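> The working numbering puts the first residue of the sequence shown at 1, with every later residue one more than the last.
Ideal Cβ positions, reconstructed from N, Cα and C, are used throughout, including at glycine.
Here the structure is a predicted model, which means the values were calculated and not measured.
Structure below; questions to follow.
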Amino acid sequence: MAKLLKAIPAVKGMMAELKSRSEILAQRGITPTLGILRVGEREDDLSYERGAVKRCEQAGVQVRKTVLPQDVKQETVLREIENFNRNKEIHGILIFRPLPSQIDDSAVCKALSPEKDVDGITAQSMAGIFSGTHVGFPPCTPEGCLELLRHYDIPLQGKNAVVLGRSLVVGKPLSMLLLEENATVTICHSRTEGLAEVCRKADILIAAVGKREMVTKEFLSPGQVVVDVGIHVKEDGSLCGDVDFEAAKELAEAVSPVPGGAGTMTAAILAKHTIEAAERLG
Ligand code: NAP
Numbered sequence: 001m002a003k004l005l006k007a008i009p010a011v012k013g014m015m016a017e018l019k020s021r022s023e024i025l026a027q028r029g030i031t032p033t034l035g036i037l038r039v040g041e042r043e044d045d046l047s048y049e050r051g052a053v054k055r056c057e058q059a060g061v062q063v064r065k066t067v068l069p070q071d072v073k074q075e076t077v078l079r080e081i082e083n084f085n086r087n088k089e090i091h092g093i094l095i096f097r098p099l100p101s102q103i104d105d106s107a108v109c110k111a112l113s114p115e116k117d118v119d120g121i122t123a124q125s126m127a128g129i130f131s132g133t134h135v136g137f138p139p140c141t142p143e144g145c146l147e148l149l150r151h152y153d154i155p156l157q158g159k160n161a162v163v164l165g166r167s168l169v170v171g172k173p174l175s176m177l178l179l180e181e182n183a184t185v186t187i188c189h190s191r192t193e194g195l196a197e198v199c200r201k202a203d204i205l206i207a208a209v210g211k212r213e214m215v216t217k218e219f220l221s222p223g224q225v226v227v228d229v230g231i232h233v234k235e236d237g238s239l240c241g242d243v244d245f246e247a248a249k250e251l252a253e254a255v256s257p258v259p260g261g262a263g264t265m266t267a268a269i270l271a272k273h274t275i276e277a278a279e280r281l282g
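Have a look at this one:
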């Protein structure tokens, strides 16, 4: 029976530390503040927003929301980003993506001020991860996965880490962060041949594939540590991930649950990045 890599024990410690950092900022007259820009009412955005607001409250971070209709014009989105950029009381900005098809995603990423890019979507933040210079912030989910592994003292150095998925939001930046920890990293995607076999050989398997419970027992082997990044809503309204949780529980050494794993860490990292941005901009 696998050990469960639950996020809450890690998040509790983080929140206490973040709260004291925001109190120090408050003494300097600074209230760390996150600006959230959401277009539409997608259920997964709303669910992440609830988690983010909760963690921000616990960490002493204020949240200001701008919500735009699904059919909003690109110029309105860019104008709202510019308002957040210019507002000195806002230190971090989270933009929910994917945006509706009438909005050019690259224009949005370019419009965002890199110093306030607490979810690592600008080219400058990406360059920071890929060059190892840590300018800006990595996206919250990859850093959350790393933080979860660190909290449970999972050794990474020299280990065979397989990342299933190569998106700019999760797979690619996470691979770079694992590489920096001296893991030997394999990145898999939809054209990978012998995918199940490659995954079975992993010491650490991270699933960020966006396919409900795709990682079945054929992908798993005893002794593995499995981090499930996927989030899917089942017909009965409950959540599941990219991994067949029951199979992983039976076979692996450790597995992160959905909910209560990578997603919970992601929201906590967002609060952390906002406080860091406030400290840097302060
Ligand atoms: P994405 O942009 O759709 O990328 C999915 C990746 O998986 C792609 O690289 C794709 O390969 C690969 N893939 C898809 N089907 C595959 C298959 N059958 N075999 C092998 N590889 C396959 O997704 P994402 O944004 O990275 O998100 C991944 C999952 O994480 C989703 O479930 C999402 O909801 C979840 N997520 C969770 C959080 C959180 O806070 N926990 C944050 C972000 C995302 P190609 O590149 O070849 O197409």
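1. Compute the distance between the beta-carbons of valine 77 and valine 118, then report whether it is under 8 Å.
2. In the DSSP assignment, the alpha helix (DSSP H) including asparagine 83 goes from what residue to what residue?
3. Identify whether glycine 29 lies in helix, strand or coil by the three-state DSSP scheme.
4. Assuming isoleucine 231 contacts alanine 59 (C-beta within less than 8 Å), just tell me the rounded distance between them.
5. In the DSSP assignment, what are the bridge partners of glycine 35?
6. Measure the C-alpha to C-alpha separation of proline 69 and arginine 79 and round it to an integer number of angstroms.
7. If you follow the alpha helix (DSSP H) that alanine 268 is part of, which residue opens it and which one closes it?
8. Our contact map puts valine 225 next to glycine 241 with C-beta atoms below 8 Å; I'd like the distance itself, whole angstroms only.
9. Are there 16 or more other CB atoms within 10 angstroms of the CB of valine 233, so buried, or fewer, so exposed?
10. For isoleucine 95, which of Lys88, Ser101 and Phe84 has the nearest alpha-carbon?
11. Determine the extent of the beta strand (DSSP E) in which leucine 164 is found, giving its start and end residues.
12. Quick one: using the 10 Å Cβ neighbour count with 16 as the cut-off for buried, is histidine 189 buried or exposed?
Well, looking at it:
1. no
2. 74-86
3. coil
4. That belief does not hold up - the Cβ atoms of isoleucine 231 and alanine 59 are roughly 22 Å apart, past 8 Å.
5. Arg64 and Ile93
6. 14 Å
7. 262-281
8. Wrong, their Cβ atoms sit about 15 Å apart, outside the cutoff.
9. exposed
10. Phe84
11. 160-164
12. exposed
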